[in-house]
Amino acid sequence: MVGNDIIDIAQAKKDSNWQRPQFLDKIFTINEHYLIHNSKDKTETIWRLWSMKEAAYKLYVQQNPSRFYAPKQFECFIENDTGIVKFKNFSSYTETKITSDYIISEASLKPSKLNSEVIQFNAPQINNQSEFLRQKLMSSASKQYNILEDELDFKKDDYGVPTLVFNGGTIHVSLTHHGNFGAFAIA
Amino acid sequence: MTNQELITKLKAIVSPYIQDEEAFKNLSEDTDFIKDLKINSANLVDIILDIEDEFDIRLENEDMEKMLDVKSAMAIVNTKLAG
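Line by line, the protein sequences give chains S and B.
Each number in my numbering comes from the position in the first sequence (counting from 1) with 28 added on.
Each number in my numbering comes from the position in the second sequence (counting from 1) with 853 added on.
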């Protein structure tokens, strides 16, 4: 099982004003506030932590089918590109990759390398970015598992958790999409 | 405040963050902020702050947890205003 989350840095600047009073208090714990204030690039750290929380949440709900909004309760601990996110008794390992355009985090139950494939959308050519991303996921899973694409079914449960289903099996996946970027992970 | 007045206020609050116009036009108690309106999860924080400002209430962690659809937002606001 894997959870991932991508942030389009330019889009995040447009969408969110983290300097708004109370914004950071609603999302981050005291320890995370220290991490942010002690970092060279506060904006980058904020979105990195946010993507870690989202990725860990996506993993958590695969194990514990549910739906809720509790970003502050998923607490992040970081060391270089690696991190740990804890929520109640749940703990997950995260890997983060930061470029000048995007930040992506991936959460898993055991320490593992980041395996998300990142896709940059070319807006005018793609009407439906989510559909495009899903196609890429299907074709990649088809190759990886040696199953015909036609035999793979994309499903989302009542909580929004995606899986690929085929005759006799289920493949756990995670999809993320923000601004001009999307990514999928198969595990 | 009637339910209709409350929905109208909530509709105005969420409007800057919605990404699905059609779902927004048809907004009802059953509308989901993320699944239907396609609101970015980071913008849910803005909505929570806007609700606090508009109704002069304070939302705690347990209130935020449920803040995923219009119906829950209405219930939370009503409870806070009654308290």
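For glycine and all other residues, C-beta sits at the position ideal for the given N, C-alpha and C.
Neighbour list for residue 921(B) in chain S, Cβ cutoff strictly below 7 Å: What residue 921(B) touches in chain S: 95 and 97.
Top-ranked residue by Cα proximity to residue 145(S), from 50(S), 177(S), 210(S) and 109(S): 210(S)
Residues near residue 207(S) in its chain [Cβ-Cβ closer than 6 Å; skip 5 each side]: If we look at residue 207(S) and ignore the five residues flanking it on each side, its Cβ neighbours are 36 and 39.
Selection from 173(S), 175(S), 179(S) and 202(S) that minimises the alpha carbon distance to residue 185(S): 202(S)
Nonlocal neighbours in the same chain, by C-beta distance under 6 Å from residue 142(S), ignoring five residues either side: 123, 125 and 134
Residue 157(S) at chain B interface by Cβ criterion, 9 Å: no
Residues, ordered as in the chain, of the region 890-904 of chain B that lie near chain S by beta-carbon distance below 9 Å: Listed by position along the chain: 893, 894, 895, 896, 897, 898, 899, 901 and 902.
Any C-beta of chain S under 9 Å from that of residue 887(B): Chain S, which has a Cβ nearer than 9 Å to the Cβ of residue 887(B), makes this yes.
Residue closest to residue 916(B), alpha-carbon to alpha-carbon, out of 928(B), 887(B) and 879(B): 928(B)
Chain S within 9 Å of residue 882(B), Cβ atoms only: no
Spatial neighbours of residue 872(B) in its chain, beta-carbon cut-off 6 Å, leaving aside the 5 residues before and after: Same-chain partners within the cutoff: 891.
Of the listed residues 934(B), 894(B), 919(B) and 924(B), nearest to residue 864(B) (C-alpha basis): Selected option, being the one with the closest Cα: 924(B).
Limits of the beta strand (DSSP E) - the one that residue 919(B) falls within: Counting along the chain, residue 919(B) falls outside any beta strand (DSSP E), though it belongs to the alpha helix (DSSP H) covering 914-919.
Residues bridged to residue 132(S) [DSSP beta-bridge criterion]: 34(S) and 125(S)
Distance between residue 109(S) and residue 895(B) (C-alpha atoms, nearest Å): 22 Å
Alpha-carbon to alpha-carbon, residue 73(S) and residue 66(S): 10 Å
Sequence-distant residues of its chain with Cβ nearer than 7 Å to residue 204(S) (five each side left out): 32, 33, 34, 210 and 211
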